[in-house]
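K.L.:
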Amino acid sequence: MFRFVTAKKRAKKLRSDRDRPMQITHVVLNARDREACTRFAVDVLGFRLSDRTGFMNFVRCDRVHHAIAYAKADNSLLNHIAFEMADIDAVMRASAG
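Sequential numbering from 95 applies to the sequence shown in this note's numbering.
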């Protein structure tokens, strides 16, 4: 199941901070039925299937290999979110907490 939250007002631009993520690069979701999730993303949301492995299905909404991956699992949970950072120093500072 997917739930989308949108706002009518445009969000204010964040101040520049090299230690903040620049964008989300992809999300991986554990899925009990990754084929059904993939069909929903393609048929309903307009994504395109990029690739399949024995463990994951990758879908995209642009030229990047994937925006979402569905991982074969016995649960339906967030696996991980990947963020683009400015550089390795920003990654290390952010991971220090």
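C-beta: ideal position from N, C-alpha, C; glycine also. If you're wondering where the values come from, they're calculated on a predicted model, not measured in any experiment.
On the premise that L123 lies in contact with A161, defined as a C-beta separation below 8 Å, what is that separation, rounded to the nearest angstrom?
P.N.:
Cβ-Cβ separation between A161 and L123: approximately 11 Å, too far for a contact (criterion under 8 Å).
K.L.:
Distance, Cα to Cα, V136 vs A184?
P.N.:
34 Å
K.L.:
Kindly indicate which three-state DSSP category A135 falls into: helix, strand or coil?
P.N.:
helix
K.L.:
At a cut of 8 Å, does the segment 171 to 188 reach the segment 128 to 146 through at least three beta carbon pairs?
P.N.:
no
K.L.:
Which runs of the alpha helix (DSSP H) fall wholly inside the segment 133 to 171 and span at least 4 residues, in chain order?
P.N.:
none
K.L.:
Considering only the beta carbon of each residue, do N169 and R114 sit closer than 8 Å?
P.N.:
Contact flag unset, no.
K.L.:
Express the C-alpha separation of S189 and D156 in angstroms, rounding to a whole number.
P.N.:
29 Å
K.L.:
Measuring alpha carbon to alpha carbon, tell me which residue in R112, K106, K103 and V121 is nearest L172.
P.N.:
V121
K.L.:
In the DSSP output, what is N124 paired with across the bridge?
P.N.:
A165
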